[in-house]
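Protein chains in written order, with this note's numbering: chain A, 1441 to 1627; chain B, 1441 to 1627. Accompanying notes for the structure given below.
2 protein chains.
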Amino acid sequence: MSRWQPDARARLQEAALALYGERGYEETTVAEIAERAGLTKRTFFRYFADKREVLFWGSERLEQMMVAAIEAAPASASPLGLIGAALDAAAVRFEEAREFAGPRHKIIAASPELRERELIKATSLATAMAGALRARGVGGAAAALAAHTGVTVMHVAFEQWVTDPGRAPFQQVARDALAELRDLAAG
Amino acid sequence: MSRWQPDARARLQEAALALYGERGYEETTVAEIAERAGLTKRTFFRYFADKREVLFWGSERLEQMMVAAIEAAPASASPLGLIGAALDAAAVRFEEAREFAGPRHKIIAASPELRERELIKATSLATAMAGALRARGVGGAAAALAAHTGVTVMHVAFEQWVTDPGRAPFQQVARDALAELRDLAAG
DNA sequence: AGAGTGATGTCACCTGGTGCCATCACCCTA
DNA sequence: TAGGGTGATGGCACCAGGTGACATCACTCT
């Protein structure tokens, strides 16, 4: 019998998601999360930089996957095609965590503090994507604009996907959203 | 002789700007800001919701001015023309506070916490502008996209303006940036 | 068997932020 | 002119997020 249960990080994440969902983010204390996970406040802060970050752990992984998708796209791809490839990669990631997406999204939407954190993650993602686009030869200003727009499209699609009772695959929703953008830009 | 000096809010803002600039945001405590302004911590929090907000007071005013500019634009204006009108209004506001723009921008750029706050202000601004665009007949999704893009252009222009030693008027920098965007979208 | 290592607990501490009540200058009115 | 609002401020206690320093204990390696 080991002294410590395994997967402390995952237990903390589950406990946080549950408590934030039950009582709300602000009404939940870090000590309560830790207790529910069978740990202490101090240990919580060893795994997560702050009370918000527990909901965003893994966002670097999404960033890596979308950047990799841009890097791996065929040489013939247009800038918008590269964004499409990145969105396909995001689809894979979102479907992986499908079960948590809804509750997590609801919690974040309800708290300004968490929305702030989400926005800075989105900016970080857009910056990384812009770098990847530049490496693929997309011009500087266009790269930043395309990346930010791509992230905006992703959020729009995510919102639809997560609130859609039928739950069409994210990939399809995202592709539709991107096509809509294309029409808007053309029209 | 009155018990209180006038303009407590302005004094707190000046003290905060000075201290954040001298020591950095995180290294400055609210008690220190209050003391420098001849007040107490408790009073600081009567004027500002938190330690960050002292740098963002007045952002509703910018929002109002940009929205008003969209509402007042000639009926013949295109969506991009409406964004241009909003940027002109922003120019008026920025030139008003020209002397503080540089230090303030530097402080915000140096602190993730402050960047988060700036991002949520930008989102709020974009949302308000999108509403004004819709009221002017711009279609729903296009309105949101145009508004967010407009705010992005504003930030790009601001960055150039604030770091430019020659300090061309913001209006001119913003118009150039908008023209660049137009070319990108067309090309 | 003993030293080393890594995850955790414990404790003290600082700071942001809030609720509650006291204080005091000013204004208004009788 | 006395006295009762009123509004801005101070003072204080308190909670929660977050951190540094050190102790503890299971496990591993030699």
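Positions of the beta carbon are idealized from the N, C-alpha and C atoms, including for glycine. All of these numbers come straight from a predicted model, not from anything done at the bench.
- Within its own chain, the residues whose Cβ lies closer than 7 Å to the Cβ of B:R1492, once the five positions on either side in sequence are excluded, are E1553, L1554 and R1557, listed in chain order.
- In the three-state reduction of the DSSP assignment, A:E1535 falls in the helix class, which pools H, G and I.
- For B:V1494, the CB contacts under 7 Å within the same chain, skipping 5 residues up- and downstream, are L1452, Q1453, A1456 and F1488 in chain order.
- At a cut-off of 8 Å between beta-carbon atoms, A:E1556 makes contact with chain B.
- Residue burial annotation: B:Q1611 is buried, with at least 16 other C-beta atoms found within 10 angstroms of its C-beta.
- The C-alpha of A:R1533 lies about 40 Å from the C-alpha of B:P1543.
- In this structure, DSSP gives A:E1599 a helical state, which the three-state scheme calls helix.
- Listed by position along chain A, the residues whose Cβ is nearer than 7 Å to that of B:A1581 are E1620 and L1624.
- Residue environment analysis places B:T1480 among the exposed positions, since fewer than 16 neighbouring C-beta atoms fall within 10 angstroms of its C-beta.
- Distance from the Cα of B:M1506 is smallest, within the candidate group B:A1566, B:A1619 and B:F1540, for B:A1566.
- Between the region 1508 to 1518 of chain B and the region 1571 to 1580 of chain B there are three or more C-beta pairs closer than 8 Å, enough to call the two in contact.
- Any Cβ of chain B closer than 8 Å to the Cβ of A:H1588 would place that residue at the interface, and such an atom is present.
- Proximity of chain B to A:L1585 at the Cβ level (cut-off 8 Å) is accounted for by T1589, T1592, L1621 and L1624, in chain order.
- Excluding residues up to 5 positions away in sequence, I1510, A1513, L1573 and R1576 lie with their Cβ nearer than 7 Å to the Cβ of B:L1522 in the same chain.
- A:P1552 has a beta carbon lying within less than 8 Å of a beta carbon in chain B.
- Chain A places a beta carbon closer than 8 Å to that of B:T1563, counting this residue as a contact.
- Going by DSSP, B:Q1453 is part of the alpha helix (DSSP H) stretching over A1448 to R1463.
- Here the alpha carbons of B:M1594 and A:P1609 stand approximately 35 Å from one another.
- Looking at A:G1498, A:A1614, A:A1526 and A:D1623, the one whose alpha-carbon comes closest to that of A:E1599 is A:A1614.
- Counted as a single uninterrupted DSSP element, the alpha helix (DSSP H) harbouring A:S1499 occupies residues S1499 to A1512.
- Note on geometry: alpha-carbon atoms of B:H1545 and B:R1538 lie some 11 Å from one another.
- The C-beta distance from A:A1562 to A:V1591 rounds to 5 Å, short enough to fall under 8 Å.
- For B:G1571, the enclosing alpha helix (DSSP H) starts and ends at P1552 to A1575.
- At a cut-off of 8 Å between beta carbons, A:I1547 makes no contact with chain B.
- For A:V1578, the three-state secondary structure derived from DSSP is coil.
- Minimum Cα-Cα distance from B:D1528 among the listed residues B:L1624, B:A1471 and B:L1618 corresponds to B:L1618.
- Take B:T1468, set aside five residues on each side of it, and the residues of its chain with a beta-carbon closer than 7 Å to its own are L1459 and Y1460, in chain order.
- Assigned with DSSP and collapsed to three states, B:Q1612 falls in helix.
- Nearest Cα to B:R1607 within the set B:A1531, B:A1583 and B:I1548: B:A1531.
- Taking the Cβ atoms as the reference, B:L1585 lies roughly 17 Å from A:L1559, outside the contact range of under 8 Å.
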